[in-house]
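2 protein chains.
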Amino acid sequence: MTDQIKYVLGEKDIPRTWYNLAADLPGGAPMLHPGTGAEITVDDLLGIMPETLARQELSREAEIEIPEPVRQIYAQFRPAPLFRARRLERALGTPARIYYKYEGGSPAGSHKPNTAIAQAYYNKQAGVTRLATETGAGQWGSSLALAGALFEMDVSVFMVKVSYHQKPYRRMLMATYGARCVPSPSTETAAGRAILAEDPDCPGSLGIATSEALEVAGGNSDVNYAGGSVLNHVLLHQSVIGQEAIAQFALADDYPDIVIGATGGGSNFGGLAFPFLGAQLRGGSTVRVIAAEPSSCPTMTQGTLSYDFGDTAGLTPLIKMHTLGHSFVPPPVHAGGLRYHGMAPLVSEALDRDLIEATAVKQLSCFASGITFARAEGIVPAPESTHAIDVAIREALRCRDEGVARTILFGLSGHGHFDLGAYEAYLSGSLRDEEFDPAALESSLAKLPGFVSV
Amino acid sequence: MTDQIKYVLGEKDIPRTWYNLAADLPGGAPMLHPGTGAEITVDDLLGIMPETLARQELSREAEIEIPEPVRQIYAQFRPAPLFRARRLERALGTPARIYYKYEGGSPAGSHKPNTAIAQAYYNKQAGVTRLATETGAGQWGSSLALAGALFEMDVSVFMVKVSYHQKPYRRMLMATYGARCVPSPSTETAAGRAILAEDPDCPGSLGIATSEALEVAGGNSDVNYAGGSVLNHVLLHQSVIGQEAIAQFALADDYPDIVIGATGGGSNFGGLAFPFLGAQLRGGSTVRVIAAEPSSCPTMTQGTLSYDFGDTAGLTPLIKMHTLGHSFVPPPVHAGGLRYHGMAPLVSEALDRDLIEATAVKQLSCFASGITFARAEGIVPAPESTHAIDVAIREALRCRDEGVARTILFGLSGHGHFDLGAYEAYLSGSLRDEEFDPAALESSLAKLPGFVSV
Numbered sequence: 021m022t023d024q025i026k027y028v029l030g031e032k033d034i035p036r037t038w039y040n041l042a043a044d045l046p047g048g049a050p051m052l053h054p055g056t057g058a059e060i061t062v063d064d065l066l067g068i069m070p071e072t073l074a075r076q077e078l079s080r081e082a083e084i085e086i087p088e089p090v091r092q093i094y095a096q097f098r099p100a101p102l103f104r105a106r107r108l109e110r111a112l113g114t115p116a117r118i119y120y121k122y123e124g125g126s127p128a129g130s131h132k133p134n135t136a137i138a139q140a141y142y143n144k145q146a147g148v149t150r151l152a153t154e155t156g157a158g159q160w161g162s163s164l165a166l167a168g169a170l171f172e173m174d175v176s177v178f179m180v181k182v183s184y185h186q187k188p189y190r191r192m193l194m195a196t197y198g199a200r201c202v203p204s205p206s207t208e209t210a211a212g213r214a215i216l217a218e219d220p221d222c223p224g225s226l227g228i229a230t231s232e233a234l235e236v237a238g239g240n241s242d243v244n245y246a247g248g249s250v251l252n253h254v255l256l257h258q259s260v261i262g263q264e265a266i267a268q269f270a271l272a273d274d275y276p277d278i279v280i281g282a283t284g285g286g287s288n289f290g291g292l293a294f295p296f297l298g299a300q301l302r303g304g305s306t307v308r309v310i311a312a313e314p315s316s317c318p319t320m321t322q323g324t325l326s327y328d329f330g331d332t333a334g335l336t337p338l339i340k341m342h343t344l345g346h347s348f349v350p351p352p353v354h355a356g357g358l359r360y361h362g363m364a365p366l367v368s369e370a371l372d373r374d375l376i377e378a379t380a381v382k383q384l385s386c387f388a389s390g391i392t393f394a395r396a397e398g399i400v401p402a403p404e405s406t407h408a409i410d411v412a413i414r415e416a417l418r419c420r421d422e423g424v425a426r427t428i429l430f431g432l433s434g435h436g437h438f439d440l441g442a443y444e445a446y447l448s449g450s451l452r453d454e455e456f457d458p459a460a461l462e463s464s465l466a467k468l469p470g471f472v473s474v
Numbered sequence: 021m022t023d024q025i026k027y028v029l030g031e032k033d034i035p036r037t038w039y040n041l042a043a044d045l046p047g048g049a050p051m052l053h054p055g056t057g058a059e060i061t062v063d064d065l066l067g068i069m070p071e072t073l074a075r076q077e078l079s080r081e082a083e084i085e086i087p088e089p090v091r092q093i094y095a096q097f098r099p100a101p102l103f104r105a106r107r108l109e110r111a112l113g114t115p116a117r118i119y120y121k122y123e124g125g126s127p128a129g130s131h132k133p134n135t136a137i138a139q140a141y142y143n144k145q146a147g148v149t150r151l152a153t154e155t156g157a158g159q160w161g162s163s164l165a166l167a168g169a170l171f172e173m174d175v176s177v178f179m180v181k182v183s184y185h186q187k188p189y190r191r192m193l194m195a196t197y198g199a200r201c202v203p204s205p206s207t208e209t210a211a212g213r214a215i216l217a218e219d220p221d222c223p224g225s226l227g228i229a230t231s232e233a234l235e236v237a238g239g240n241s242d243v244n245y246a247g248g249s250v251l252n253h254v255l256l257h258q259s260v261i262g263q264e265a266i267a268q269f270a271l272a273d274d275y276p277d278i279v280i281g282a283t284g285g286g287s288n289f290g291g292l293a294f295p296f297l298g299a300q301l302r303g304g305s306t307v308r309v310i311a312a313e314p315s316s317c318p319t320m321t322q323g324t325l326s327y328d329f330g331d332t333a334g335l336t337p338l339i340k341m342h343t344l345g346h347s348f349v350p351p352p353v354h355a356g357g358l359r360y361h362g363m364a365p366l367v368s369e370a371l372d373r374d375l376i377e378a379t380a381v382k383q384l385s386c387f388a389s390g391i392t393f394a395r396a397e398g399i400v401p402a403p404e405s406t407h408a409i410d411v412a413i414r415e416a417l418r419c420r421d422e423g424v425a426r427t428i429l430f431g432l433s434g435h436g437h438f439d440l441g442a443y444e445a446y447l448s449g450s451l452r453d454e455e456f457d458p459a460a461l462e463s464s465l466a467k468l469p470g471f472v473s474v
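Read top to bottom, the protein sequences are chains A and B. Be aware that the first sequence starts at 21, since it is given in this note's numbering, and climbs by one per residue. Be aware that the second sequence starts at 21, since it is given in this note's numbering, and climbs by one per residue.
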């Protein structure tokens, strides 16, 4: 084949270790106990996760071994393909070489099983048989439901209410795997009831759903919490994405000048970009790394870098991150997986050190780019992924205008087969850009916890 | 990895030719002109398809070259993986080795792009820019919509009305690719209007939708018809499935004793099984080949082998096939892709020569098997595919009971991400087995055309 479009690795090429960017960013701010202000320890986390995961959460080691049973399940859909988007390049008339790392081939249709399987495995090893979690668009919830089915565990998912209604097939997918899915805010938790008392029509948010899941996990000794993003160990597990991509670029005899990922909590972005950043920090080629966030929930471009809670009710440790304030409720855009008030501490740290840049993109532009991509490459992207596509297309067009042939890599975190209602709304003209409300930000930032950054 | 679960081939291993079973079944009954009874010629077909496809339709050559631009598009999702279902084997406690050839990784989520891309390519080469077709569950329609997007062609899809309402996301997927999707029977054609006049609540069928598409293609010189199943050239294009599987079994150092495919019109079944039958007819190992059809539309197990029309209105040539009669309207089961009154002539011929066997399976049993599979293997199967799974599980349990370790291969033709409404109905207990009505069969068979089998 003259014009190769797919770079494939074998089962034996699945990474044997996860890569931890924390090892290469010494001096990062630790998580703090909200009551005492003391640094969080492994013991503090044991109420909601097994010791293995607690140790990974706080680890500063660069490489952590992937258990063989996890690699064995990964083997069904990993290594994930790296595609050269030749048809999109032609459609754009750009000299840029555009690549995308596609995670939609997993049984749940996104990158989320990379950590769901690992978390279910470690919990099962520790004798835990029940897991609770939150989900936005449902990619994370259905991935944990999948992992629960594979390890025969009970899974309860609090799904952000607006997404629960926008994406009914995600809820049905969870049920097919045998999991329980509850629209959040719900009446099942004190956190949910408090929100509903204040605003019965609250569309929900990832912060609220996280409070509900944490409350259930914290209050039941046989239930653990499983997080879909933000946390260090989640980004750690996702590092298989970028590690594979680096090996695939060697096959392609190329290397990215620009790496782009969509960012909600940071797990797909971190999974893709961190191994490239790690290589750079250890003397490898410099890459321009761009985090693409929704303009309706502009954590990095409009938020502040501060200690804040990871959830709305304030049940998590304090985490230093770019945040809109834990009480911020983002407008109901279709990219439900990006509707989170904060940003993973490792992504926040990388941004603070100017290792990456952030840009905010609008919903309508993202759907237009998603359709351009779908009609050129065939794959209909998840609304979250269209944020990366939108920036990639912008950079490819800049290459065209400047007459420069840069190599662009973006993360295609999942397919949009569950999100076609959003595409229909876009095509019918009924979708609009959700405006970001500076007053809501001001009010939310006023409620930040009083701890000063250390 | 000790227990390999995936057998992967490289881009260069995509077959270079399609395999045509007709070459190894000499003396098969030709298609006949309904007016004259004469054998159909290439010229007769040119009103609805380009010469290249018409020649493939009537070809008796064993191997037909795959154009390089088609292979280039195949490369995005082919070779498709062959999986060893080790987790399902453990769940069933069977000594059988179960494999499945998974076609759900294509951008449209099924095997249908294998022929959609080829047909769009040949039409585009011939200067045709508009295509019309029918679709049941929507897998074919969305695949042709995908191919239309890639080749910049206008695509109109008549979608069986019951599936149009059961599977709204399929319709939205077609729209995202830029195609037009119309519920059938529609008022846009004489065939549709005639059906609606008799039964305004008609749920539609593949036979009716085919009539509508053929009418549009036949009546417009710039529109061609593209068929999703049944026709010889469609099964030809699908032969990449079985050819790849044979190469993958060599990697696994194994070979199937039993090959199982779900059958509606026969394209997934033929694509998987024919290369194995061809190898057997040329002196290779004997395989037991089982066609799994729905008991609500039992073309092979209850129908008759006769010349009949491929569509309800009688616009096609006469085709010798197992049929329930072209006026038979199957009950509205969720496996919309299997709701077809006839069977591909090559599959019918193979059944008549005892090269394959047929079995009918019930909807509820299929969904139960589909859920067993999903919870063990992670992939939620399309309702059509669950028919093959149901038979595979039955054979695997027979291996357990007999203490025999047979090798079983089945075709997993697509994922069920668009069909979760059906799973929800099953899980909630509201789904039922649709009974086959012998009186409807009798009445339909009475309307068979008068031609006697030659």
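Glycine is no exception: its CB is placed at the ideal position from the N, C-alpha and C atoms. In this text, all values refer to a predicted model and were calculated from it rather than measured experimentally.
Check                                                                                                                                                                             : Outcome
Assign I34(A) to one of three DSSP states: helix, strand, or coil.                                                                                                                : coil
Does the region 443-452 of chain A come within contact of the region 190-210 of chain B, defined as at least 3 CB pairs closer than 8 angstroms?                                  : yes
Which of helix, strand or coil does DSSP assign to A312(A)?                                                                                                                       : strand
What's the C-alpha gap between R80(B) and R395(B)?                                                                                                                                : 43 angstroms
If contacts are defined as beta-carbon pairs under 8 angstroms, then G284(B) and G156(B) qualify, I think. What distance do you get, rounded to the angstrom?                     : 7 angstroms
Is D374(B) buried or exposed, if buried means 16 or more other CB atoms sit within 10 Å of its CB?                                                                                : exposed
Comparing the C-beta of K121(A) with each C-beta of chain B, is any distance below 9 angstroms?                                                                                   : no
If you check the beta carbons only, do A146(B) and E71(B) fall under 9 angstroms apart?                                                                                           : yes
Does the CB of R395(B) have a neighbour CB from chain A at under 9 angstroms?                                                                                                     : yes
Tell me which same chain residues have a C-beta within less than 7 angstroms of the C-beta of H257(B), skipping the five on either side of it?                                    : W38, N134, T135 and A138
Flag this pair as yes or no: are the beta carbons of I376(A) and A311(A) separated by less than 9 angstroms?                                                                      : yes
Below 8 angstroms, can you find three or more Cβ-Cβ pairs linking the region 313-323 of chain A to the region 294-305 of chain A?                                                 : no
Please specify which runs of the beta strand (DSSP E), each continuous and at least 3 residues long, are wholly inside the region 424-454 of chain B, giving them in chain order. : 427-432
Is the beta carbon of S368(A) less than 9 angstroms from the beta carbon of H342(A)?                                                                                              : yes
Which class does T153(A) belong to by DSSP, given the choice of helix, strand or coil?                                                                                            : strand
For L251(A), which option in D453(A), P337(A), L112(A) and R359(A) has the closest C-alpha, if you only look at C-alpha atoms?                                                    : P337(A)
Sort G124(B), V349(B), Q186(B) and I118(B) by Cα distance to E109(B) and report the nearest one.                                                                                  : I118(B)
Distance, Cα to Cα, A211(B) vs K340(B)?                                                                                                                                           : 23 angstroms
Using alpha carbons as the reference points, say which of Y120(B), K187(B) and A380(B) lies closest to F430(B).                                                                   : Y120(B)
Report buried or exposed for A299(A), applying the criterion of at least 16 other Cβ atoms within 10 angstroms of its Cβ.                                                         : buried
In the DSSP assignment, what are the bridge partners of C201(B)?                                                                                                                  : V177(B)
Under a CB-based cut-off of 9 angstroms, is E444(A) close to chain B?                                                                                                             : yes
Taking the beta strand (DSSP E) that L325(B) falls in, what are its first and last residues?                                                                                      : T324 to F329
So Y275(B) is in the beta strand (DSSP E); what residue range does that whole segment cover?                                                                                      : Y275(B) -> no beta strand (DSSP E), and no H or E assigned at all.
Just verifying my parser: in three-state terms, what is the DSSP assignment at G227(A)?                                                                                           : helix
Please classify H53(A) as buried or exposed, where buried requires at least 16 neighbouring CB atoms within 10 angstroms.                                                         : exposed
How is Y142(B) classed by DSSP in three states: helix, strand or coil?                                                                                                            : helix
Can you list the residues of chain A that I399(B) reaches, using a CB-CB cut of under 9 angstroms?                                                                                : Q96 and P127
Assuming contact is defined by CB atoms lying nearer than 9 angstroms, are K26(A) and Q96(B) in contact in what I supplied?                                                       : yes
Grab me the residues of T379(A)'s own chain with a C-beta within less than 8 angstroms of its C-beta, minus the 5 sequence neighbours each way, in chain order.                   : I310, A311, A312, E313, T321 and V411
In chain C, which residues lie less than 8 angstroms from Q139(B) when you measure between Cβ atoms?                                                                              : Protein chains in the displayed structure are A and B, and chain C is not among them.
At least one CB of chain B closer than 9 angstroms to the CB of L485(A): is that the case?                                                                                        : Look at the range of chain A in this structure, 21 to 474, and you will see that residue 485(A) is not part of it.
Using only alpha-carbon positions, find the residue among P205(B), S326(B), G357(B) and F294(B) that is nearest to K467(B).                                                       : S326(B)
So, is K32(B) buried or exposed, given that buried needs 16 or more other C-beta atoms within 10 angstroms?                                                                       : exposed
Does the beta-carbon of V279(A) have 16 or more other beta-carbons within 10 angstroms, so that it is buried, or is it exposed?                                                   : buried
Tell me the DSSP secondary structure of M320(B) in three-state form.                                                                                                              : helix
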